[in-house]
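Right, one structure below, let's go through it.
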């Protein structure tokens, strides 16, 4: 299996970053559903006859910072794994220890 370092790094990034990216997207989805359920529930307003005065704004800057932190963690983990793999000597790694 002869792949170049660039292709190996990209494969590692997909493998290492896929789970955090999926978790981030699922968390955003669950949060959106939770807010939608809370807003539309019957007991949310104290006075249902009055016009709503509350505006729930989405924290887009926090969401962007969390996405950047997730991406940074995936890239750093990928770089560390790629560095370890590129420094490994195949005969030592594949040696039978029995």
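In the working numbering, the protein residues as written are 35 to 132.
The beta carbon of each residue, even a glycine, is placed where N, CA and C say it ideally should be.
Since we're looking at a predicted model, the values are computed, not measured.
Inter-residue CB distance, residue i and residue j (contact presumed, cutoff 8 Å)
i, j, result
"residue 112", "residue 52", "Not a contact, Cβ separation roughly 11 Å."
"residue 55", "residue 104", "7 Å"
"residue 96", "residue 58", "Contact doesn't hold; Cβ gap of about 12 Å is too wide."
Cβ shell of residue i (< 8 Å), same chain only, five flanking positions each side left out
i, result
"residue 107", "54"
"residue 63", "none"
"residue 83", "none"
"residue 39", "116, 120"
Continuous alpha helix (DSSP H) stretch holding residue i: start and end
i, result
"residue 54", "39–74"
"residue 124", "124–128"
"residue 114", "94–121"
Close-in-space but distant-in-sequence residues of the same chain around residue i (CB under 6 Å, 5 per side omitted)
i, result
"residue 43", "116"
"residue 45", "none"
Beta-carbon proximity of residue i to residue j, cut-off 9 Å
i, j, result
"residue 47", "residue 109", "yes"
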